[in-house]
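Structure, as structure tokens:
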Amino acid sequence: MEKLISSKHNIQHVPESYILPPEIRPGIAAIPSCNSIPLIDLHGNIDSNRQDLVQRIMEAAQEFGFFQLTNHGVPEELMNEAVKVAEEFFQLPAEDKASFYSEDPRKGCRLYTSIDYDHEKVHFWRDNLRHHCRPLEDHVGEWPTNPTRYREVIGNYAVRVRELSLVLLDLICEGLGIASGYFEGGLSNLQMMSLNYYPPCPNPALTLGLPKHADPNLITVLNQGAVPGLQVLKDEKWLALEPVPNAFVVNIGHTLQVISNGMLRSAEHRVVTNGYVARATVTSFIQPSNDSLIRPAAVLVDGCSLPLYRPFRYDEFLGTYIKDAQDGKPPLKQYEISQT
């Protein structure tokens, strides 16, 4: 438990094990805010202007791999409560969290720090609680009971965010021209909830909360609260994605990039720290069952369009994704089909 960054108090200097190589440090240069990533009103358009809504989602997913979503149907109070119970959990005394701490990534409800603390060369400035959410009744018994509201709040939140995710996936079906409900069943069977905590850092220029990466799953819905920290890579430049009240950040995962045959793109992003206030976020990952076969949708590779990726099982990809991420390699590269 002493490994948890949230358990270290009164840190005056960044420990040597958290100092990144100079070439990947965020540094002190100001990062411009990104005002070009679309802010999309979901329910204000889903009935009255559905075609335009689908087009806006597709354009954002193609150009940025990201968009922000308002008027999405998840109550603001529930969004705020989810972030609040996350903060309360991480601020508990170490002994109250000890039973959840594990270095085993196979554990169903797991508290850990950084990414792969015992094997990585340098650590990242974050703690994480991660657990399965679906079927809810199969997993909720593994979740924390302290804070006392944790299971109720995160359970309700998980259900509402999953419903929202399936609505978005159905709109993406329309945009891609594939059958409604294509993502139902195995392709969206699993939901993982990831609660991140980034304590204040004495020198944010030297370290990161999370390094550059793109998500392996289908679609990610992030509640980033009120504290900034997310940065998106666009045209080899980092852009800060500032929080918008009561808005979700949605991004495309590698799996959806493959299914869309490259029409949509997973975007690289990172998390920076700050020196003045802790940041808590709540992220929902919708992902396929481990035995799901991932490949470009058949309707997108009929006729003149060739598949850009070979088929693979999702668990196969997760294994290579982790290794490629550690080695700094593009995770989809080995699944690409040469077009020459």
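Using the working numbering, read the sequence shown as starting at 15 and increasing by one per residue.
Glycine included, every Cβ here is placed at the ideal spot set by N, Cα and C.
What's the gap between the Cα of residue i and the Cα of residue j?
{"i": "K248", "j": "E109", "result": "42 angstroms"}
{"i": "G191", "j": "V291", "result": "45 angstroms"}
{"i": "H23", "j": "A294", "result": "17 angstroms"}
{"i": "L322", "j": "V235", "result": "26 angstroms"}
{"i": "G189", "j": "I233", "result": "15 angstroms"}
{"i": "I33", "j": "G289", "result": "15 angstroms"}
{"i": "P52", "j": "P161", "result": "35 angstroms"}
{"i": "S50", "j": "N265", "result": "15 angstroms"}
{"i": "A44", "j": "A193", "result": "44 angstroms"}
{"i": "F326", "j": "Q26", "result": "47 angstroms"}
{"i": "P36", "j": "G243", "result": "20 angstroms"}
{"i": "V97", "j": "A240", "result": "9 angstroms"}
{"i": "N203", "j": "G317", "result": "30 angstroms"}
{"i": "Q69", "j": "D61", "result": "14 angstroms"}
{"i": "E250", "j": "Q348", "result": "22 angstroms"}
{"i": "E330", "j": "S306", "result": "10 angstroms"}
{"i": "V167", "j": "K226", "result": "30 angstroms"}
{"i": "H268", "j": "L346", "result": "7 angstroms"}
{"i": "E101", "j": "V315", "result": "46 angstroms"}
{"i": "E282", "j": "A228", "result": "4 angstroms"}
{"i": "H145", "j": "D152", "result": "11 angstroms"}
{"i": "P310", "j": "N59", "result": "29 angstroms"}
{"i": "H86", "j": "Q301", "result": "20 angstroms"}
{"i": "G169", "j": "M72", "result": "30 angstroms"}
{"i": "G276", "j": "V175", "result": "25 angstroms"}
{"i": "P214", "j": "W139", "result": "9 angstroms"}
{"i": "F80", "j": "C147", "result": "23 angstroms"}
{"i": "L150", "j": "L253", "result": "36 angstroms"}
{"i": "E90", "j": "I336", "result": "34 angstroms"}
{"i": "R64", "j": "H57", "result": "9 angstroms"}
{"i": "E30", "j": "H133", "result": "16 angstroms"}
Could you name the residues that DSSP lists as bridge partners for residue i?
{"i": "C357", "result": "The requested residue 357 does not occur in the structure, where the chain is confined to residues 15 to 354."}
{"i": "S358", "result": "Residue 358 lies beyond the residue range present for the chain, which begins at 15 and ends at 354; the question has no answer from this structure."}
{"i": "T221", "result": "Paired residue(s): none; T221 is not in a bridge."}
{"i": "I129", "result": "Note: I129 sits in no beta bridge, so no partner."}
{"i": "H227", "result": "H283"}
{"i": "Y323", "result": "E350"}
{"i": "L307", "result": "R327"}
Rounded to the nearest angstrom, how far is the Cβ of residue i from that of residue j, given a contact under 8 angstroms?
{"i": "Q271", "j": "R284", "result": "19 angstroms between Cβ atoms; not a contact."}
{"i": "Y212", "j": "T127", "result": "Going by Cβ atoms, the distance from Y212 to T127 rounds to 11 angstroms, so no, they are not a contact pair."}
{"i": "V88", "j": "L178", "result": "6 angstroms"}
{"i": "I54", "j": "Q82", "result": "7 angstroms"}
{"i": "V28", "j": "L220", "result": "5 angstroms"}
{"i": "A261", "j": "T84", "result": "5 angstroms"}
{"i": "L255", "j": "C48", "result": "5 angstroms"}
{"i": "L143", "j": "F114", "result": "7 angstroms"}
{"i": "Q205", "j": "S298", "result": "6 angstroms"}
{"i": "V78", "j": "V246", "result": "As written in the sequence, residue 78 is Phe, which differs from the Val given in the question. The Cβ separation is near 7 angstroms, so the contact holds."}
Grab the span of the beta strand (DSSP E) containing residue i for me, first residue to last.
{"i": "Y211", "result": "204 to 212"}
{"i": "L236", "result": "233 to 237"}
{"i": "I54", "result": "53 to 55"}
{"i": "K248", "result": "244 to 248"}
{"i": "V168", "result": "The amino acid at residue 168 is misidentified as Val; the sequence shows Ile. First-last for I168: 164 to 190, but that is the alpha helix (DSSP H), not the beta strand (DSSP E)."}
{"i": "V263", "result": "262 to 266"}
{"i": "L83", "result": "80 to 84"}
{"i": "V285", "result": "283 to 285"}
Go to residue i, then tell me how far its alpha helix (DSSP H) extends in each direction, as first and last residue.
{"i": "Q69", "result": "64 to 77"}
{"i": "S298", "result": "Segment 293 to 301 is the beta strand (DSSP E) holding S298; no alpha helix (DSSP H) there."}
{"i": "G333", "result": "328 to 341"}
{"i": "A100", "result": "90 to 104"}
{"i": "E37", "result": "Looking at the DSSP string, E37 is not in any alpha helix (DSSP H), and its letter there is neither H nor E."}
{"i": "E117", "result": "Segment: none, E117 is in no alpha helix (DSSP H) and carries neither H nor E."}
{"i": "D14", "result": "In the structure displayed, the chain extends from 15 to 354; residue 14 sits before or after that span and is not available."}
{"i": "E109", "result": "108 to 111"}
Figure out for me which residue from the options has the closest Cα to the Cα of residue i.
{"i": "S20", "options": "L106, N63, L320, P46", "result": "L106"}
{"i": "V258", "options": "N265, A219, H57, N237", "result": "N237"}
{"i": "A112", "options": "L18, N304, A240", "result": "L18"}
{"i": "V296", "options": "D329, H133, S208, F103", "result": "S208"}
{"i": "N231", "options": "N304, D338, L244, E166", "result": "N304"}
{"i": "Y196", "options": "I60, V313, V68", "result": "V313"}
{"i": "G199", "options": "R70, L183, V99", "result": "L183"}
{"i": "I308", "options": "L320, L332, F299", "result": "L332"}
{"i": "C123", "options": "L150, E151, C187, P158", "result": "P158"}
{"i": "Y131", "options": "S298, S274, L224", "result": "L224"}
{"i": "V154", "options": "A172, D141, H137, S352", "result": "A172"}
{"i": "Y328", "options": "I273, M93, L67", "result": "I273"}
{"i": "L67", "options": "Y335, I351, C187", "result": "C187"}
{"i": "P40", "options": "P344, R165, P218", "result": "P218"}
{"i": "Y164", "options": "F104, V181, H137", "result": "F104"}
Sorry if obvious, but does the Cβ on residue i come closer than 6 angstroms to a heavy atom of the ligand FMN?
{"i": "A100", "result": "This structure lacks the ligand FMN; in fact it carries no ligand of any kind."}
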